[in-house]
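A.B. asks: Residue numbers (our numbering): 1239 to 1510. Using N, Cα and C, we set each Cβ at its ideal position, and we do this for glycine too. Below is the structure I would like to discuss, written out as structure tokens.
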Amino acid sequence: MRTYLNHNNTDRSIQAKEELTEREDNSKKNTIERKKKYEDLKYYECNRKSLSTRRHEVESRDKITKNSKENHNADSNHVKKSQSEKVLKKQEDLLITLLKKEQSCVHKKKIIIRHLPPTLSEDNFFESFPSSLKDELDYYYYVNGCVPENPGGDITHSRMYLSFKDDLKTKEFIKTQHGKFFYDSNGGKFKAMVSFAPYQTIIHQNKSDDMNNTLETDAYFLKSCEEMNNPEEPVKKDDDNGDLTNVMKEDGVILPPLVVALRKKLKNKKLT
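Written out as structure tokens, the structure is:
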């Protein structure tokens, strides 16, 4: 019996030891697994942080590159626009200068002849040219000069303004007549200066009015003369009571219309 009990006790002790060792092994395994999980979590967290930082860095780089590209494109577009504007402005200025030159060449028709003798008249001027000159002109204007009364005064030279119908004859006239000599009544010699007039506007004479010298035949004038010669009698007026054709007086006193009307009213009442 004792041997049986001892055997049972040994079995229990062995079983208890095995359970204890098993518990220890399980606890060790659990601690190892916990450590492993903690390390895995730590590694994952580190990787996550590094990945997030890398992602943020990449995004910031992309933004910077995108902004730099946009700025570069904007700058390049601005530069291109400014360059194109400069080119267009240069072309416009060139065209304006060419147009001005063409206009000046086309519109320059008026000629001025300076340094003519002060005593030279318009008829004497045209006598020194062929008789067909006036027919070739569409405009001419002569300005007479004058000789000063005082011997030390300045002479005012005569001058002539011309405009040819044909533009080709304008330059030809300037070439042939520039430097031509004109003589005054005393035999004095004056060298003419022919060039384009600085002021090219041609002063045309105003058209004559059709009503000039028609006063004696004008209907309104004749009617007014007739009314002046045969005046109508003026209408009598009452200064105090307005325009009255029939003015009633009593003992030299003018009766107002209101008094006259009241008297008529009273008279009618008496009659009725």
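(1) Is it right to say Pro1469 is buried, meaning 16 or more other beta carbons lie within 10 angstroms of its own, or is it exposed?
(2) Helix, strand or coil for Met1449 per DSSP?
(3) Which partner residues of Met1398 appear in the DSSP bridge assignment?
(4) Do three or more CB pairs link the region 1423-1443 to the region 1346-1365 at distances below 8 Å?
(5) Would you decide whether Val1432 is buried or exposed? Buried here means 16 or more other CB atoms lie within 10 Å of its CB.
(6) Could you name the residues of the same chain whose beta carbon sits closer than 7 Å to that of Lys1407, not counting the 5 residues immediately before and after it, in chain order?
(7) Helix, strand or coil for Val1491, going by three-state DSSP, please let me know.
(8) Cα-Cα, which of Ile1393, Glu1410, Ile1252 is closest to Ser1401?
(9) Just the Cα atoms here: how many angstroms apart are Ala1254 and Lys1266?
(10) Go ahead and label Met1466 buried or exposed: buried means 16 or more other beta carbons lie within 10 angstroms of its beta carbon, across all protein chains shown.
(11) On the CB-based measure, 16 or more other CB atoms within 10 Å of its CB, does Leu1354 come out buried or exposed?
(12) What do you get for Ala1430, buried or exposed, if any count of 16 or more other CB atoms within 10 angstroms of its CB means buried?
(13) Taking the straight line between their C-alpha atoms, what separation do you get for Ile1393 and Pro1356?
(14) Counting along the chain, where does the beta strand (DSSP E) carrying Tyr1458 start and finish?
(15) Should Tyr1380 and Ile1441 be called a contact, given that it needs their Cβ atoms to be closer than 8 Å?
(16) Express the C-alpha separation of Lys1319 and Lys1327 in angstroms, rounding to a whole number.
(17) Classify Leu1358 as buried or exposed, calling it buried when 16 or more other Cβ atoms lie within 10 Å of its own Cβ.
(18) Please list the terminal residues of the continuous beta strand (DSSP E) segment that includes Phe1364.
(19) Using 8 Å for Cβ pairs, my map puts Phe1419 next to Lys1427. What's the rounded Cβ distance?
(20) Between which two residues does the beta strand (DSSP E) harbouring Lys1429 extend?
(21) For Val1432, name the three-state secondary structure that DSSP assigns.
(22) Quick one: give me the first and last residue of the alpha helix (DSSP H) that Lys1346 is part of.
(23) Give the DSSP-derived three-state secondary structure of Tyr1281 in the structure shown.
(24) Hey, would you say Asp1376 sits closer than 8 Å to Lys1346, going by beta carbons?
(25) According to the Cβ coordinates, are Ser1396 and Gly1417 closer than 8 Å?
(26) Out of curiosity, what's the CA-to-CA distance linking Gln1415 and Leu1332?
(27) Contact defined as beta carbons within less than 8 Å: I believe Lys1372 pairs with Phe1364. What is the distance between those atoms, to the nearest angstrom?
C.D. replies: In brief:
(1) As a position in the sequence shown, residue 1469 is number 231, starting the count at 1. Counting Cβ neighbours within 10 Å, Pro1469 comes out exposed, since fewer than 16 surround it.
(2) As a first step, residue 1449 must be located in the sequence shown, where it is residue number 211. Coil.
(3) The residue you call residue 1398 lines up with position 160 of the sequence shown. Note: Met1398 sits in a beta bridge opposite Ile1351, Tyr1380.
(4) yes
(5) In the sequence shown, counting from the first residue as 1, residue 1432 sits at position 194. It is buried - the Cβ of Val1432 has at least 16 other Cβ atoms within 10 Å.
(6) Along the sequence shown, one-based indexing puts residue 1407 at 169. Contacts found: Glu1374.
(7) Stepping through the sequence shown from its first residue, residue 1491 is reached at position 253. Reduced to three states, the DSSP call for Val1491 is strand.
(8) Locating residue 1401 in the sequence shown gives position 163, counting from the first residue. Comparing Cα-Cα distances from Ser1401 to each of Ile1393, Glu1410, Ile1252, the minimum goes to Glu1410.
(9) On the sequence shown, residue 1254 is found 16 positions in, with the first residue counted as 1. On the sequence shown, residue 1266 is found 28 positions in, with the first residue counted as 1. Looking at the two C-alpha atoms, the distance is approximately 18 Å.
(10) Taking the first residue of the sequence shown as 1, we reach residue 1466 at position 228. It counts as exposed.
(11) Here residue 1354 is taken as the residue at index 116 of the sequence shown, counted from 1. By the neighbour-count rule (16 or more Cβ atoms within 10 Å), Leu1354 is buried.
(12) Sequence index remark: in the sequence shown, residue 1430 carries index 192 (1-based). The residue is buried, with at least 16 neighbouring Cβ atoms inside 10 Å.
(13) Position 155 of the sequence shown, counted from the start, is the residue given in the question as residue 1393. Position 118 of the sequence shown, counted from the start, is the residue given in the question as residue 1356. Between Ile1393 and Pro1356, the C-alpha separation is close to 7 Å.
(14) Here residue 1458 refers to the residue found at position 220 of the sequence shown. No beta strand (DSSP E) contains Tyr1458, which is instead part of the alpha helix (DSSP H) from 1457-1467.
(15) Here residue 1380 refers to the residue found at position 142 of the sequence shown. Here residue 1441 refers to the residue found at position 203 of the sequence shown. Not closer than 8 Å, so no.
(16) The residue given as residue 1327 occupies position 89 in the sequence shown. The residue given as residue 1319 occupies position 81 in the sequence shown. If I take the Cα positions, the gap works out to 12 Å.
(17) Here residue 1358 refers to the residue found at position 120 when the sequence shown is read from its first residue. Flag for Leu1358 reads buried.
(18) Start at 1 with the first residue of the sequence shown, and residue 1364 comes out as number 126. Element bounds for Phe1364: not the beta strand (DSSP E) but the alpha helix (DSSP H), 1360-1365.
(19) Working through the sequence shown from its first residue, we reach residue 1419 at position 181. Working through the sequence shown from its first residue, we reach residue 1427 at position 189. The Cβ separation is near 5 Å, so the contact holds.
(20) Start at 1 with the first residue of the sequence shown, and residue 1429 comes out as number 191. 1427-1429 is the span of the beta strand (DSSP E), which, as asked, contains Lys1429.
(21) Residue mapping note: residue 1432 aligns to position 194 of the sequence shown, counting from 1. If DSSP states are grouped into helix, strand and coil, Val1432 belongs with the strands.
(22) On the sequence shown, residue 1346 is found 108 positions in, with the first residue counted as 1. Counting along the chain, Lys1346 falls outside any alpha helix (DSSP H), and DSSP gives it neither H nor E.
(23) One-based indexing of the sequence shown puts residue 1281 at position 43. Three-state result, Tyr1281: helix.
(24) In the sequence shown, counting from the first residue as 1, residue 1376 sits at position 138. In the sequence shown, counting from the first residue as 1, residue 1346 sits at position 108. Cβ distance not < 8 Å, so Asp1376 and Lys1346 don't count as in contact.
(25) In the sequence shown, residue 1396 corresponds to position 158, counting from 1. In the sequence shown, residue 1417 corresponds to position 179, counting from 1. Cβ distance not < 8 Å, so Ser1396 and Gly1417 don't count as in contact.
(26) Within the sequence shown, residue 1415 is the residue found at index 177, counting from 1. Within the sequence shown, residue 1332 is the residue found at index 94, counting from 1. Spanning the two alpha carbons is a distance of roughly 35 Å.
(27) The residue you call residue 1372 lines up with position 134 of the sequence shown. The residue you call residue 1364 lines up with position 126 of the sequence shown. About 7 Å separates the two Cβ atoms, so the contact holds.
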